[in-house]
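Residue numbering for the sequence shown follows our numbering, starting at 455 and increasing by one per position. The beta-carbon is built from N, C-alpha and C at its ideal position, and this holds for glycine as well. Below: the structure, in C-alpha cells.
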Amino acid sequence: MRERAVVVTLREGMAGELEELARSAALEVVESLGLKLRSPQAPLLIGRGMAERIAQSVKDKKADVVILSSDLSASQQRNLEEILEAKTIDRTQLILDIFARRAKSSEGKLRQRASRAVRRRRGAQGDPRPAHAH
C-alpha cells in the first residue's frame, strides 16, 4: 500500500508540480491545500493556525506524509512533525528522495548520500537555514 500524502503549497502555481513530484515518489496524493503565507514564522515556517488546519486534514484523510512547497529548516521540520503527527518533508527532500530511488550508478548513489548527509549535518548543528540557502 502506498503512503498517503497531503500536499501543501504556499505559493500560487506550485500545486500541479508538487502533486506530480509526489506521484513520481510513489505517493498517493489524498489532498492538496493551497495556503497563503503572509510572512514566514521561524518555529514552524507557517503559523500555528495553518499547522492546525493541516493537522486536521492529515487526520481526516489518514495521511502518512505532508509535503510543503517551501524549504524547511531541520527544526521547522521537527516542530511540524510534532504538531502534524506525520512525516513532514519539503520539495527539496522530495526531489532528493526521487533521485535516490532512481539512482542506478555508484556515483549517483554516492552523490545522493552526500546531499542527504549535508542536510542532516546542518540540521544537527542547529543551522536554521534550509540547505539551499548557503
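Residue range of the beta strand (DSSP E) that includes Lys541: Your numbering for residue 541 matches position 87 in the sequence shown. Annotation for Lys541: the continuous beta strand (DSSP E) segment containing it runs 541-544.
Buried versus exposed call for Val572 [16 or more other C-beta atoms within 10 Å across all chains shown]: In the sequence shown, residue 572 corresponds to position 118, counting from 1. By the neighbour-count rule (16 or more Cβ atoms within 10 Å), Val572 is not buried but exposed.
C-alpha gap between Ile521 and Ala554, whole angstroms: For this step, residue 521 is matched to residue 67 along the sequence shown. For this step, residue 554 is matched to residue 100 along the sequence shown. Between Ile521 and Ala554, the C-alpha separation is close to 17 angstroms.
Close Cβ partners of Asn533 (< 7 angstroms) along its chain, the five nearest in sequence each way excluded: To locate residue 533, count along the sequence shown from 1; it is residue 79. Pro497, Leu498.
Residue environment, Val461, which counts as buried when at least 16 other CB atoms sit within 10 Å: Mapped onto the sequence shown, residue 461 falls at position 7. Buried: at least 16 other Cβ atoms inside 10 Å.
Assigned exposure category for Gln530 - 16 Cβ within 10 Å defines buried: Residue mapping note: residue 530 aligns to position 76 of the sequence shown, counting from 1. Per the 10 Å Cβ criterion, buried.
Option in Ala476, Ala540, Thr463, Leu464 with minimal Cα separation from Ile626: Nothing can be reported for residue 626: it is not among the residues displayed for the chain, which extend from 455 to 588.
Identified DSSP bridge partners for Gln531: Residue 531 sits at position 77 when you count from the first residue of the sequence shown. Beta-bridge pairing links Gln531 to no other residue.
Cα-Cα separation, Val519 to Arg458: Walking along the sequence shown from the start, residue 519 turns up at place 65. Walking along the sequence shown from the start, residue 458 turns up at place 4. If you take the alpha carbons of Val519 and Arg458, they lie about 6 angstroms apart.
Cβ-based burial, Gln547 [other Cβ within 10 Å; buried from 16]: Counting from one through the sequence shown, the residue named residue 547 turns up at place 93. Burial call: buried.
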